[in-house]
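Protein chains: 2
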Amino acid sequence: MKILIAGGDGFCGWPTALYLSQKGHEVVIIDSLIRRQWDNELHSNSLTPISSLNERVSRWHELTGRTLKTYIGDLTHYDFLRIVLEETQPDTFVHFAEQRSAPYSMIDREHAVFTQSNNVIGTLNVLYGLKEIAPDCHLIKLGTMGEYGTPNIDIEEGYLTIRHNNREDILPYPKQPGSMYHLSKVHDSHNIMFACQAWGLRATDLNQGVVYGLHTGETMMDPVLINRLDYDAVFGTVLNRFLIQAAIGHDLTIYGAGGQTRGFINIIDTVRCIEIATINPAHPGDFRVFNQFTEEFSVLDLAEKVKNVATEEGINAVIRHLPNPRTEKEEHYYRANNTKLRDLGLEPHLLNQQVLRAILHTVNRYKDRAHLRNVLPAVSWK
Amino acid sequence: MKILIAGGDGFCGWPTALYLSQKGHEVVIIDSLIRRQWDNELHSNSLTPISSLNERVSRWHELTGRTLKTYIGDLTHYDFLRIVLEETQPDTFVHFAEQRSAPYSMIDREHAVFTQSNNVIGTLNVLYGLKEIAPDCHLIKLGTMGEYGTPNIDIEEGYLTIRHNNREDILPYPKQPGSMYHLSKVHDSHNIMFACQAWGLRATDLNQGVVYGLHTGETMMDPVLINRLDYDAVFGTVLNRFLIQAAIGHDLTIYGAGGQTRGFINIIDTVRCIEIATINPAHPGDFRVFNQFTEEFSVLDLAEKVKNVATEEGINAVIRHLPNPRTEKEEHYYRANNTKLRDLGLEPHLLNQQVLRAILHTVNRYKDRAHLRNVLPAVSWK
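These protein sequence lines are chains A and B, in that order. Take the first sequence: its letter number 105 is residue 105 in this note's numbering, and every next letter is one higher. Take the second sequence: its letter number 252 is residue 634 in this note's numbering, and every next letter is one higher.
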């Protein structure tokens, strides 16, 4: 299949591009490279030394003989997107190309407006581009489990059968997003649902949990192919961040009580989920929602797991509770369904001591690259 | 009270400004005057000859001695909004200042992107402006009943108690908006709800039905104060449009079967609802939702009511069914709650023959100003 991957230079996009290329698909990458600029803006960096996109795709070609065509540009520029779609005529459009950090969106008004306009207008352009140029193309859009918030009832996959006053309907699951970023994803979901209904587009919204790990079989083939790894309080996600904090001798910093429970997924499963969605496309007119995570953990659970593995490795990791910079419940009910991807063949790689140890070993190799001042949260929701 | 009215030159905003001024409040108008530019873009016009905003506020001052201060500028320009908020320090911010036409938002990609970015970013700026400068100010935001779509269960006011797998929660009512414009209002609602929870702002979201009529006690005081009236297929709303079609000898054009049922409200009640929300503000941290309509009618019902009144007035009005340019159900369940505003004192002005006849008489006076080519729908959802 011909697969366009928007955001194909990023943390999820790059390993997905390699995985699908290795599986024999014709993969084309779109990326604005803006994620690398945000490192400069925040005076931060990937813990792992990442090569340029050109170096990456050249090495991939040398190693495998496979070509990854690249287009450097931004989805908010419709004329650019139009050309890419016309030249590519993709079967699948995988859309990772959004600002994906909640703290980044909460820095100030400018970052909130940037996040919502970048994400919402980029996705609107994708919808209009598909309608105009590739109406049969399957859109696979990365959403987030954070769209649902933490309701006091079970979270279903996108839709909920509701009985009310002796009548019944299947309605979009109510959303309670907790940051300007999460809100942008909810806006996207509504826009995509409408485009499927009005124009007959086909889309899969993948509400992904927190991703951990960094390596896949492909990114490990060569140092030039290594994936980025974020440890800072703006872009670093919780489990990876704890492992890096342990490696650099920093306290494991929990926001508030640590009872916040979320869905998690190994990056190895992320790339497989994209493949599953690709080879099992939504039907024309369908807006399909999959919850893309494999296990649920509380933040405190994870800190303790990391502390245990660190201890075995001779590291004395201390768990420290910080005042919560976010507005969120610290103790709450959480139970989310995630059967649809498993029904289509996902065999989850679960989190165990061995997995944690492997990430810790990788992290340890690059720990001197970390800037300590980036580790503690500087962005508040208030 | 000091009340800022954004969009105070528009169809709802202007009569609201006069009504609240007449009630003794200190009213300040913000408007970009862009609605008047859209008339130029669409080669259309208000059926009634409207004066400039300067002429309007001068005449109001001559007639009543009351001052309406005006700021001409756009909510998407934060520096402008900041100055207005600092100089005004309002108790209430009434936000009508959005692109409010579903067909306009569906013209093409550019109009969809304009509508969503204009509405969403304008409202984000209002939220950040209130947070920064007037955190105790009560935001009254105009939403639309169209945010809910046409679910097969009763529509509640903003929230729904949901029982699921033996657990229960009160969650935001699921939204199924049917155009790029309606989607923008849903995005706004989510953004405002978050701002109330995270920052303790106070807001009332008024999900308004289709407004009909044009006169209020204040706009009728002088020809210079007359309200605008839209009859074109882009900005004209259904009941007003039928009355104007009858007056100019055009068929009453129904989209599809005409079973589409919606909530309706007289402009006289709109201005009273804003007053009710103003003098009964939401509590800090509360995101309150009122459904602002007084009666439900199907489109076919309304066409028949107009036809009957027209016949009495010696006009032979013909009902014609057009292919539906929209994507919507033409026969569906519809029952929406609207008790919250009545509980706070709204005494609805219901639709009857006398009301229809009065609008028809006004319309008749200005019918020669209508451009016939603007009456039939030219914008399709497909």
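Ideal Cβ positions, reconstructed from N, Cα and C, are used throughout, including at glycine.
Buried or exposed by the 16-neighbour rule on C-beta atoms within 10 Å, applied to residue i
i        : result
B/Gly528 : buried
A/Glu275 : buried
A/Pro174 : buried
A/Glu41  : exposed
B/Pro705 : exposed
A/Lys382 : exposed
B/Ile650 : buried
A/Asp232 : buried
B/Thr532 : buried
B/His665 : exposed
Neighbour flag for residue i against chain B, beta carbons, 8 Å
i        : result
A/Leu252 : no
A/Tyr128 : yes
A/Asn191 : yes
A/His77  : no
A/Val386 : A question about residue 386 of chain A goes unanswered here, because the residues of chain A that appear run from 1 up to 382.
A/Ala378 : no
A/Phe297 : no
A/Ile162 : yes
A/Leu85  : no
A/Arg167 : yes
A/Trp14  : no
A/Lys382 : yes
A/Leu461 : The structure shown has nothing for residue 461 of chain A, since chain A only spans 1 to 382.
A/Gln89  : no
A/Gln208 : no
A/Phe194 : yes
A/Lys141 : no
Cβ neighbours of residue i in the same chain (closer than 8 Å, five flanking residues each side left out)
i        : result
B/Thr601 : Trp396, Pro397, Leu400, Leu607, Ile608, Asn609
B/Phe478 : Ile387, Ala388, Gly389, Gly390, Gly392, Cys394, Gly395, Thr398, Leu524
A/Phe80  : Tyr71, Gly73, Asp74
Cβ of residue i within 8 Å of any chain A Cβ
i        : result
B/Thr505 : no
B/His845 : Since the first residue shown for chain B is 383 and the last is 764, residue 845 of chain B is missing from the structure and cannot be characterised.
B/Asn534 : yes
B/Leu553 : yes
B/Phe669 : no
B/Gln579 : yes
B/Gln674 : no
B/Lys722 : no
B/Gln404 : no
Assumed close pair residue i, residue j - CB separation to whole angstroms, cut-off 8 Å
i        : j        : result
B/Val700 : B/Leu634 : 7 Å
B/Ile522 : B/Leu588 : 7 Å
B/Thr744 : B/His632 : Not really, about 17 Å apart at Cβ, beyond 8 Å.
A/Gly259 : A/Glu331 : 4 Å
B/Gln674 : B/Leu723 : 6 Å
A/Ile155 : A/Thr161 : Wrong, their Cβ atoms sit about 14 Å apart, outside the cutoff.
B/Gln767 : B/Thr652 : Any answer about residue 767 of chain B is impossible in this case: the structure gives chain B only from 383 up to 764.
A/Thr88  : A/Leu4   : 6 Å
A/Tyr181 : A/Ser105 : 4 Å
A/Tyr71  : B/Arg491 : 19 Å between Cβ atoms; not a contact.
A/Thr64  : A/Tyr366 : Between A/Tyr366 and A/Thr64 the Cβ distance is about 25 Å, and since that is not below 8 Å, they are no contact.
A/Phe235 : A/Ser101 : 5 Å
A/Ile153 : B/His546 : 4 Å
Same chain, Cβ closer than 6 Å to residue i, neighbours up to 5 away in sequence not counted
i        : result
B/Leu565 : Pro559
B/Asp456 : Ser414
B/Gln627 : Leu634
B/Ile503 : Thr458
B/Asp421 : Asn427
A/Leu239 : Tyr212, Leu302
Cut-off 7 Å between Cβ atoms - residues of its own chain near residue i, not counting five sequence neighbours on either side
i        : result
B/Thr449 : His443
A/Ile107 : Val379
A/Leu344 : Ile276, Asn280
A/Cys137 : Pro90, Asp91, Thr92, Phe93, Leu130
Inset, instruction - Could you run through the segment 473 to 500 of chain B and flag, in chain order, every residue whose CB is less than 7 Å away from some CB of chain A? - result: From the segment 473 to 500 of chain B, only Arg491, Ala494, Val495, Gln498, Ser499 have a Cβ closer than 7 Å to chain A.
Legend entry - chain A contacts from the segment 682 to 716 of chain B (Cβ-Cβ distance under 8 Å): Result list: Thr709, Tyr715.
Legend entry - Chain-ordered residues of the segment 243 to 272 of chain A with a beta carbon less than 7 Å from chain B: The residues in question: there are none.
Legend entry - Interfacial residues, the segment 730 to 754 of chain B to chain A, with Cβ spacing under 7 Å: Going along the segment 730 to 754 of chain B in chain order, one finds no residue with a Cβ nearer than 7 Å to chain A.
Inset, instruction - May I ask you to list, following chain order, the residues of the segment 52 to 82 of chain A that have a beta carbon less than 8 Å from some beta carbon of chain B? - result: Listed by position along the chain: Tyr78.
Inset, instruction - With 9 Å as the limit, tell me which residues of the segment 592 to 613 of chain B have their beta carbon closer than that to any beta carbon of chain A; keep them in chain order. - result: Cβ contacts with chain A: none found.
Inset, instruction - Return the residues of the segment 26 to 52 of chain A that lie within a Cβ-Cβ distance of less than 7 Å from chain B, sorted by chain order. - result: Within the segment 26 to 52 of chain A, no residue qualifies.
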